[in-house]
Each structure stands twice: as structure tokens, then as C-alpha cells.
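A short worksheet on the structure shown next.
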Amino acid sequence: MIRWIYILCAFIFFTACNKNEDFTKEELIAQEVAKRMKNFRKSKNRQCKEESLEIAIHQTDSILKLNAVRYRVDSLKRPPLPNKPNVKIKPPPRDSIINKPFLGRKEDTIPKR
């Protein structure tokens, strides 16, 4: 009994997987044309993107080079020195202390020669 179930399952499996689709010549041609058109559009889009990027890079580089030359001349000059601030000069305070000898000696401590 189990043997018949296995055989029946195998038969159903093999008949279900057998797909017989016969394509006509027109359908095959239409599929091939659609595939080639898809590949052509993809390659054309990629080519257009590369060309536009190349043009954009060239324009950007030329603008950057032009600005670099223009601003290089300005950056080579030394900037001027800033103005010095005005200094308010205050008079020194008056000294109210009278100088007196430290040790109270009147003679000089350095001998004369």
C-alpha cells in the first residue's frame, strides 16, 4: 500500500513539473527585441551619465582653477599691520618717603682706591 502511495506521488510530481510551452516564432522574436531594447536603454543611460559627469567635472575643475589663480595673487600680499592703541601715560606717583641710610653709617662701604 505504501508502495502505491510513493509511486502515485512520484507520478504526480513528474507530470506537474513537466511544462510544455511551445513558443511561436513571433513571440520569440518579440522577447529578443524587448531584451535588446532593455539592454540598449541601460547602456545608453549609463553612457549619458558618464558623459554628463565628465562635462560637469571639467567645468568644475576649470572654475576652481580660475578662482585659485585669481585668489592666489591676493593671498600673496602681506596684510597691513594693525594700528597701535593709544596709551594713556599716567604721571608717576609722588614719593613721600625720604631716603635714609640703611645701617645708619655715614661713611661709604666701598673702599676708595
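Okay, so the sequence shown: first residue is 68 according to our numbering, each after it adds one. The beta-carbon is built from N, C-alpha and C at its ideal position, and this holds for glycine as well.
Inter-residue spacing [alpha-carbon to alpha-carbon] between residue i and residue j
i	j	result
residue 119	residue 90	42 Å
residue 109	residue 115	10 Å
residue 117	residue 133	24 Å
residue 127	residue 113	21 Å
residue 157	residue 169	31 Å
residue 144	residue 135	15 Å
residue 107	residue 93	21 Å
residue 96	residue 123	40 Å
residue 101	residue 131	45 Å
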